Amino acid sequence: MGSFALWHWMIVLSPLALIALAVAVYKSNRLVMQREFLFWTLGLLAAVGLLAAGSTVARSIVAGPVGAIAFYLYSFFYYQRVAGRAVDAGFGKGIAFAAMIPLIGIVCLLVLLFARTKEVSAIDAPPPASDAPWRNK
C-alpha cells in the first residue's frame, strides 16, 4: 500500500489527459452562450447531488466501470463547453484547465456563468458561409 504503482498514475492522469483532449479538439467557431453553459453546469451539479443522496447500490454501480465511462464522457463534453464559454466570454481556452482545480474551478465556473458575451468586431468575426472560397465560382 505504500507504493504508488503505474495504475495509480493512470487513474490520476487520465482525467487530466481527457480534459486536455477535450480542449484541444474544441473548434473555436462553436461558441457556448450563458444559458447552454448554465444547463450543462446544472446537469453536473444534479448528477453529483443525486449520487450523494443515492443509495449504496447506486453508488456501487456508479463507482464501477460503467460510472467511470459515463463520467469520462460527460467530462469530455462538459470541458468542451467550458472552453467554448471561455472563448465566448473573451477569455482563452486555457481557463478550462483552471476550472478543474477544486477551489479555483468553482471561481472560474462562476465567472464564466456570469460573464457577458464578448462583442465581436467586424474584423474578428468569421466570414459568412457564402463567402467561403470553395463555394465561390
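Numbering-wise (numbering that gives the first Met the number 0), the sequence shown opens with residue 0 and increments by one. Even for Gly, the Cβ is constructed at its ideal location relative to N, Cα and C. If you're wondering where the values come from, they're calculated on a predicted model, not measured in any experiment.
Using DSSP with H/G/I as helix, E/B as strand and the rest coil, what is residue i?
i	result
alanine 88	coil
valine 24	coil
isoleucine 10	helix
glutamate 35	helix
glycine 93	coil
threonine 116	coil
isoleucine 100	coil
alanine 4	coil
leucine 137	Since the first residue of the chain shown is 0 and the last is 136, residue 137 is not available in this structure.
leucine 30	coil
By the 10 Å Cβ neighbour count, where 16 or more other Cβ atoms means buried, how is residue i classified, buried or exposed?
i	result
valine 31	buried
serine 6	Residue 6 is actually tryptophan in this sequence, not serine. By the 10 Å Cβ count, tryptophan 6 comes out exposed.
alanine 52	exposed
valine 22	buried
arginine 80	buried
alanine 137	Look at the range of the chain in this structure, 0 to 136, and you will see that residue 137 is not part of it.
isoleucine 68	exposed
leucine 108	buried
Can you tell me the Cα-Cα spacing of residue i and residue j, whole angstroms?
i	j	result
tyrosine 71	glycine 91	23 Å
alanine 19	phenylalanine 96	8 Å
leucine 37	tyrosine 77	11 Å
leucine 111	glutamate 35	12 Å
glutamine 33	alanine 98	16 Å
leucine 17	glutamate 118	31 Å
glycine 48	lysine 26	31 Å
valine 24	phenylalanine 75	10 Å
- Task: Taking 8 Å as the threshold, find out whether the segment 83 to 97 comes into contact with the segment 3 to 11 through three or more Cβ pairs.
- Result: no
- Query: On the three-pair Cβ rule with 8 Å, is the segment 89 to 105 touching the segment 36 to 51?
  - Reply: no
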